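The sequence shown lines up with residues 255 to 583 when you count with my numbering. First the structure, in the form of structure tokens, and then the observations on it.
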Amino acid sequence: MLADSFGRVATDLRVSLTDRCNLRCAYCMPPEGLDWLPAPQVLTGEEIVRLIRIGVTSLGIREVRFTGGEPLLRRELESIIARTAALTPRPDISLTTNGIGLARRAVALREAGLDRINVSLDTLRPEVFRKLARRDRLPDVLDALSAAAAAGLTPVKVNAVLMRGINDDEAVPLLAYCLEHGYELRFIEQMPLDAQHGWKRAEMVTAAEVFESLSAAFALSEDSERARGAAPAETFLVNGGPARVGVIASVTRPFCGSCDRVRLTADGQVRNCLFARSESDLRSLLRGGAPDEEIAERWQAAVAVKLPGHGINDPSFLQPDRPMSAIGG
Ligand code: SAM
Ligand code: SF4
């Protein structure tokens, strides 16, 4: 098991496949991009699958989510998914993506064993997309969503981050669009994880504001059927259901007490939290010829020291050195 000293057990592994990205979302990266990890430092598909196998067969990992950076930039994604799906016990396999290039790969990903998908979509206006993601790719993302649904990657989930003065007036249109197409929308509060350290608490659009905007157009009611458990999203039934909307209040209502996640970066470092200030190096063990048991022990030790909370609301909070795109969101 991957247990920490506060009684939490990590069963959900987030694997970052690359720190690279083909968009430049303003809440994540500067317009010029970042210094990407040098290729030799990035784990090979073989190394990634070995670590996932150790997690699944020896450490109680039950869910594997591939993310990044942009995970679709890894050409061998289908093969990594297929090899993950062949493990016993077979973990639940999901993907978080910006959708660029998904339309032509959705069926192959599904066939490889992908169970679920989250596609990020922050705006329905092409000019706002250009400003926010600094690329003109809105049609690709909308095509990605319909291809994912057609491939049976359902329910298709949509992640949206609202930024003040940019897309904070789009909560209602985004939900209307998702309801019309049968996608499940979740709003995520903007977190201090951008590479350029531009996050300002006063500018963050809070979960309470999102709820208020949505309530003006939709009847939102408590979703008593879906227990929140370790899931970060608080979900609400829309107009009596069965459609739902989620709000992830990572900053204003942290859910660290029930967190069940652990993260593996593209360069083989285990992080026990998005906001952790230290990492444990599994790559050097992998490449140094260590046996599975030694890797599992280092991984357990990394999770054991997980702090009780992310501390964003403490005066002493320090943003982690790595940005979200390099940790794996
Ligand atoms: N590139 C993929 C994508 O955009 O879906 C996967 C990686 S991205 C880092 C994962 C998720 O994190 C996306 O839904 C994105 O909107 C979200 N995200 C990125 N930076 C964020 C921030 N500062 N605060 C909150 N969410 C953020
Ligand atoms: Fe790329 Fe995802 Fe970051 Fe946007 S949020 S820049 S798509 S990694």
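Heads up, the beta-carbon is just placed ideally off N, CA and C, and yes, glycines get one too. Note that this is a predicted model, so its numbers are computed, not measured.
Residue i: CB within 7 Å of a non-hydrogen atom of the ligand SAM
i, result
"glutamate 466", "no"
"tyrosine 281", "yes"
"valine 415", "yes"
"aspartate 394", "no"
"glycine 212", "No statement about residue 212 is possible, as the shown extent of the chain runs from 255 to 583 and does not include it."
"glutamine 224", "Nothing about residue 224 can be read from this structure; the chain reaches only from 255 to 583."
"leucine 407", "no"
"leucine 518", "no"
"serine 579", "yes"
"isoleucine 420", "no"
"isoleucine 442", "yes"
"glycine 583", "yes"
Exposed unless 16 or more other CB atoms sit within 10 angstroms - verdict on residue i
i, result
"leucine 572", "exposed"
"proline 574", "buried"
"histidine 435", "exposed"
"serine 333", "exposed"
"alanine 398", "buried"
"serine 512", "exposed"
"aspartate 390", "exposed"
"valine 559", "exposed"
"asparagine 493", "exposed"
"proline 294", "exposed"
"arginine 541", "exposed"
"glutamate 533", "buried"
"glycine 212", "Here the chain has residues from 255 to 583 only, and residue 212 is not among them."
"histidine 451", "exposed"
"methionine 255", "exposed"
"aspartate 423", "exposed"
"glycine 419", "exposed"
Residue i: first and last residue of the uninterrupted alpha helix (DSSP H) it sits in
i, result
"isoleucine 585", "Residue 585 cannot be examined here, being either before or after the span of the chain that is shown, 255 to 583."
"threonine 311", "299 to 312"
"arginine 552", "546 to 558"
"alanine 580", "578 to 581"
"alanine 339", "331 to 339"
Distance cut-off 7 Å: residue i Cβ against heavy atoms of the ligand SF4
i, result
"glycine 322", "yes"
"leucine 540", "no"
"leucine 356", "no"
"alanine 556", "no"
"asparagine 352", "yes"
"serine 512", "no"
"serine 374", "yes"
"leucine 277", "yes"
"serine 400", "no"
"alanine 387", "yes"
Residue i - containing beta strand (DSSP E), residue span
i, result
"lysine 411", "411 to 414"
"valine 501", "498 to 502"
"arginine 388", "From DSSP, arginine 388 is part of no beta strand (DSSP E); its letter is neither H nor E."
"threonine 408", "From DSSP, threonine 408 is part of no beta strand (DSSP E); its letter is neither H nor E."
"threonine 321", "317 to 321"
Counterpart residues of residue i in DSSP-defined beta bridges
i, result
"aspartate 521", "According to DSSP, aspartate 521 bridges with nothing at all."
"arginine 515", "Asp266"
"phenylalanine 529", "Its beta-bridge partners do not exist; DSSP assigns none."
"methionine 417", "Met458"
"isoleucine 589", "For the chain, the structure presents residues 255 to 583; residue 589 sits outside this window and is missing."
"aspartate 535", "Gln523"
"alanine 257", "Val263"
*Could you give the uninterrupted runs of the beta strand (DSSP E) lying entirely in the region 350 to 380, keeping only those of 3 residues or more?*
370 to 374, all fully within the region 350 to 380.
_Just to confirm the assignment: which complete beta strand (DSSP E) runs, minimum length 3, are found wholly within the region 423 to 493?_
438 to 442, 474 to 476, 488 to 492
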